[in-house]
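If you count the sequence shown from 1, position 440 lands on 440 in the UniProt record's numbering, and the numbers rise without skipping. The structure under discussion appears below in the form of structure tokens.
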Amino acid sequence: MSSPNPRKSIDSFQSSVSGLSPIPQLQTSSFDFGNGPVRPRYDYSRKSSIASTATGIGGSLDSSQQRGSVAEAGQNAIFTLLQPQIVRTGVLPPAQAPSNWKAPTTRDIPPVVLTNVPKVDQSAFQTYLSLVNSSYDALRRVKAVADRAERAEGADSASLKSQPSLGSSVPDLHPDANTAKKSPELTPPADAQRRPSFSRAKWPSTAPLSTIPSVYFDNNFHLENPRTFDVVTERSDIIRSPHHRNDDKEQSKGDSAFPAAGRKALATNAILQEKLSWYLDTVEIHLITSISNASTTFFTALGSLQALHAEATASVEKIQALRNDLSNLDSDMALGGLQVVQLQRRRENIRRLTEAATQLQEVITSVSFCEKLINEGEYMRGLEELEDVIKLLCGEPPKRQREVFQRLANDNMRFVDLRRLDVLEGANNDLDELRNRIRAGFEREFLGMLLEDLRKHVDTVPTSDTLSRLGLLLHSSKRMSRPAAMVEPAYMSVDNDFKARLKTYIYGLHRVQFIAAAATTYKAELLRELKSLVRRHLPSATDDDTLSTVSGQGNNGRHLSQHERSSILARNLRQLDPEDAYTMLLKMYTDISEALRRMGTQLKILLDIISDLDDNQEPPSRSSSLSRGRDGSRTRSVSPMQQSRQRVLDILDMSTLAIQAIDLVQGQIVKVLRVRSDQTVKLQLPDFIRYFSLNKLFVNECEAISGSGGAALNNLINGQIKDFVNSLSDSQMRRLIQVMDSDRWDGKDFGDEERQLLANILETKTNDPEVWTSTSKIWEEPQSAESLQVQSTSPDSVSVSGKEKVRTALIDDQRFILPESALAILRILEDFLHLMAEMPSMIPDIAPRLLECLKLFNSRSSQLILGAGATRSAGLKNITTKHLALASQALSFIIALIPYMREFIRRHTTVSSIVAEFDKIKRLYQEHQNGIHDKLVEIMSSRATVHVAAMKKIDWDAAEDTKATSPYMEVLTKETGTLYRVLSKHLPGYTVSMIMEPVFQNYKKQWAEAFQSAVLTTERGRQRMLSDIELFKSRIDKIEGSGDLGDYLLSLVNAKTIAPRSKVASPEPDKSSNAS
């Protein structure tokens, strides 16, 4: 396949490539094969062949693409390759090709893969070309001289051999031969002929194998491959065609510096033949050298083999002679002595058979006796007898002395291992059965004693004692003061008889190698017993309470399913009243606590006994504790006693077992508490605090025993607390709304109960009240209510409507008359603070609910009083000054309590955002209170406006009695006095002043304008007006905050001028017209 710019083969760059190849590799000395004459291997005529080899090996097969020709001819043409071999070689013409020959297909011709040569800028080679420029010029001159000499002499091989050497011919054929002589790369040293050892000392005597082209060493070398053949023959033609000769002539006419690149004829290529011969000689020399080097070792090994053969022959002859001597000795001496030894052995065997029969009889007797002891419950004696039986079977003397063995002991009785007897094949099974019966007996006694001790302890310890112990434990965890004398808890008291019996059973279990299994069984039974303690106090799981819960049958005898029993149990749990549910949990928690503590005591005793077991008290074992190592030394292995002790320690690990037990019982308790969740969140606050304190004591006890209080129970209790807070908040808010809607906003008596609530809240600023903390101390005797009451001092009281006296609340020398709504919010605040004091960790969940109640009270009171909602909800005719004053008092009361509540929150939590919320609530209440005060001022201002309008309608000059007063002034002064009396009664003095001062300022402004605008035409009218002002002054001056209002109005009226009637009457038509 051709391309617009066909890529030239490597032969087209023959001159450049040959110029870059190293010259010393091409000029080598002749080689001496043996003693033959030394003949030169290379001459000037071979230089061109060597250069062609360097360019031909690995080069392109296509050498005809020159000077832009696209035609492919010669031996590489497709047509020539498709001809038979005999035709392709030129032996036969194409017309005489054999008929049976089949032309190759495209699959038979290997594809030619051309490598894309990257384009490199010529400037990249400038450095390299400058270095090899001189060498390249010398090579080109030598190549030109060699090509001209080859064309002059022809292709005759004889003439090629007669050509002079490279060193002697170059100076005569080229004018620049002196340069070639001076180059050390082209010529040998000048004194090479004078030194016979030159070729041996300076030049290598044997050419390396690297001088042979690599194609000959290729594993896939096949000469029949056209490409391989072309590389080997240096791309020579088998028969030189006339066309090539013409090309050579034309090429000779060209530039001598660029010789023709045409192919040579294979038949006349003597240089190629010389190369092949030289390649064979080189390989032959290397083979001879390798064989010569290996001959010494080969003959040395051959001599050693012959010597070994001679020694082996001599050894065989000596062994044969020794065998003959041993055979004579055996026949003469050994047979007689062997008969004597056989008789002695027979006698010994008969004696040992007698002893073995006696031993077997004793085994049978001992097995029967052992079974009898086991049936009678004497497991320790039965175990000792069984161990003697095992020793007898194993060929060891028993521990217990027996008569039959004492009689034979004088004859040095030796026990025999009877385990290999066929008659005792089933003995192992029988002994294992006896051992298992002993194990079961020991285990039964062991478990029965421990579980009975546990049940007895739980039943005998009173609930109050356990509760007191839990309370002391809680105080200890809080670093509170503890009693000086502490009585040892009941769960730690263990008598010596219990320890002795327990030690006996443990030793027996150890001897039967069953202590680990017994410990596992004890662990399982202990967990089952703890689980039964939870079920023990639950109500019946059947409809008939008198029916045993174990039977699981209903009234009609029908067996209840598990789901039905669970449903009935859940229903019965929900039907329990708070007191019964509390008692159930109290007994359940105390029993579990005592059981866990007693379990810990038992575990300590067990571990102490197991640790005190001596390593010499090891159970009988068939294998010795000493085992021989591979080197024959005796090494101490791990003792079975130590292994058994470690297994028991792992099984009865106190922390692990305590965690498992607590997780088990808490899982059952969580199910019970979850069933009663709806009833729990609806409890009253004291009942819920008792419930929480009981669970807190139990969780603290579990944490003290195992180090973990139990995540499931903690999460459930925390969830119930949150639900209870939500339920309490909702109920309190509903109750607050109900009380406020029905409140008629009258002053209520602040009795002893309210005083106690207020005292509790005020005390929270520094510490939690005792009346609160006593609620959670369920382990103490409940105190009487009178002892916890705050002694009421002589309370101040005020009269309400002249009928009854109302006691006031006192905070920091400030007294408050409070309505029913304020008393309701006081109870709500006390409940929330009490709850937070008992549960400080839940303050972030409880405090927002408290703030919601405060916000509700503020917004609801604003709707009822300022919004006049009380006229509809409570049936009030209108909102009076008393209502506004009491609402202001209620707000002031809450404002005074907020700092105490804020300090309480700050003592119990570090969440600053909650404290900031109380400050926000305080500002809301203050804004609301200011709104009420502004409302009072607004009311009095509107009343003053009404009276001013009435005053303007009076004709002052028409009055006959100048001493009489007007009705508007009577009403104004009465209303003002009433306002002051009500405010003074319900509000503190500074608050009254804050309200009355704006009222009087408004009076001053309105009445000054009114009196100034009034027109007086007679002195009688002035006197009439002065009578009203004097009445106003006489009554208003008694009110604090009025100042000089009366005097100011008197001076204003006295300063008025009396206008003539004509001037007064003239503008009246204009006013009427303007009004119309």
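Positions of the beta carbon are idealized from the N, C-alpha and C atoms, including for glycine.
C-alpha gap between residue i and residue j, whole angstroms
i     : j     : result
L560  : N572  : 16 Å
S993  : I932  : 14 Å
A260  : V142  : Confidence in A260 is poor, its pLDDT being 42 and thus under 50, which makes the residue's placement unreliable; the coordinate value appears in the next sentence. So the two alpha carbons sit approximately 15 Å from each other.
L305  : T228  : 47 Å
L326  : R414  : 38 Å
L603  : K696  : 26 Å
S494  : M839  : In the sequence under discussion, the amino acid at residue 494 is Val, which differs from the Ser named in the question. Distance between the alpha carbons of V494 and M839: 38 Å.
G337  : V367  : 45 Å
V665  : K372  : 43 Å
F698  : A541  : 25 Å
A516  : E780  : 44 Å
Q122  : E274  : 38 Å
Q878  : I865  : Looking at the sequence shown, residue 878 is not Gln but Asn. Cα to Cα, the separation comes out at about 10 Å.
V672  : I717  : 12 Å
A822  : L728  : 19 Å
D650  : Q660  : 14 Å
Y42   : L308  : The predicted position of Y42 is uncertain, since its pLDDT is 40 and thus under 50; a value taken from the coordinates is nonetheless stated next. The alpha-carbon atoms of Y42 and L308 are separated by roughly 54 Å.
H947  : Q1001 : 16 Å
Q1012 : I1039 : 24 Å
E376  : I390  : 21 Å
A356  : Q642  : 35 Å
P899  : V982  : 28 Å
D653  : R439  : 23 Å
L685  : G747  : 28 Å
I609  : I914  : 57 Å
V120  : L129  : 14 Å
S566  : V675  : 11 Å
Extent of the continuous alpha helix (DSSP H) run through residue i
i            : result
L810         : Careful: L810 lies outside any alpha helix (DSSP H), inside the beta strand (DSSP E) at A809 to I811.
F299         : A270 to L329
F857         : I843 to S861
residue 1082 : Any question about residue 1082 goes unanswered here, given that the chain covers just 1 to 1076.
E927         : S912 to K952
Q679         : S677 to T680
A517         : I515 to R536
L728         : A711 to S742
N-terminal and C-terminal residue of the beta strand (DSSP E) that residue i is part of
i    : result
F816 : Q814 to F816
Residue i classed as buried or exposed, judged by whether at least 16 other C-beta atoms fall within 10 angstroms
i     : result
T973  : buried
A1059 : exposed
K953  : exposed
R501  : exposed
L886  : buried
N116  : exposed
D218  : exposed
V423  : exposed
F125  : exposed
G382  : buried
G1005 : Per the sequence presented here, residue 1005 reads as Lys, with Gly not at that position. With fewer than 16 Cβ atoms within 10 Å of its Cβ, K1005 is classed as exposed.
Distance cut-off 8 Å: residue i Cβ against heavy atoms of the ligand COA
i    : result
N878 : Ligands are entirely absent from the displayed structure, and the ligand COA is therefore not among its contents.
Neighbour flag for residue i against chain C, beta carbons, 9 Å
i     : result
K1005 : Protein chains in the displayed structure number just one, and chain C is not present.
Practice item. Pick out the complete alpha helix (DSSP H) segments inside the segment 365-447, 4 residues or longer, and give them in chain order. Key: 379-394 and 403-408
Check your understanding: Is there contact between the segment 883-903 and the segment 920-939, where contact requires at least three CB pairs shorter than 8 Å?
Key -> yes
Check your understanding: Is the segment 1007-1018 touching the segment 839-851 in the sense that three or more CB pairs, one from each, lie closer than 8 Å?
Key -> no
Review point. Do three or more CB pairs link the segment 529-539 to the segment 444-462 at distances below 8 Å?
Key: yes
Review point. Can at least three beta-carbon pairs, one atom from the segment 219-228 and one from the segment 294-312, be found at a separation below 8 Å?
Key: no
Review point. Do the segment 674-684 and the segment 760-774 touch if we need at least three Cβ pairs shorter than 8 Å?
Key: The segment 674-684, when compared against the segment 760-774, does not touch it at the 8 Å Cβ threshold.
Check your understanding: Three or more C-beta pairs closer than 8 Å, one from the segment 938-955 and one from the segment 907-918: is that the case here?
Key -> no
Check your understanding: Between the segment 462-469 and the segment 576-593, do at least 3 Cβ pairs fall closer than 8 Å?
Key -> yes
Point to revise | Contact the segment 831-838 vs the segment 725-734: 3+ CB pairs below 8 Å | key: These segments touch.
Review point. Between the segment 859-876 and the segment 943-952, do at least 3 Cβ pairs fall closer than 8 Å?
Key: no
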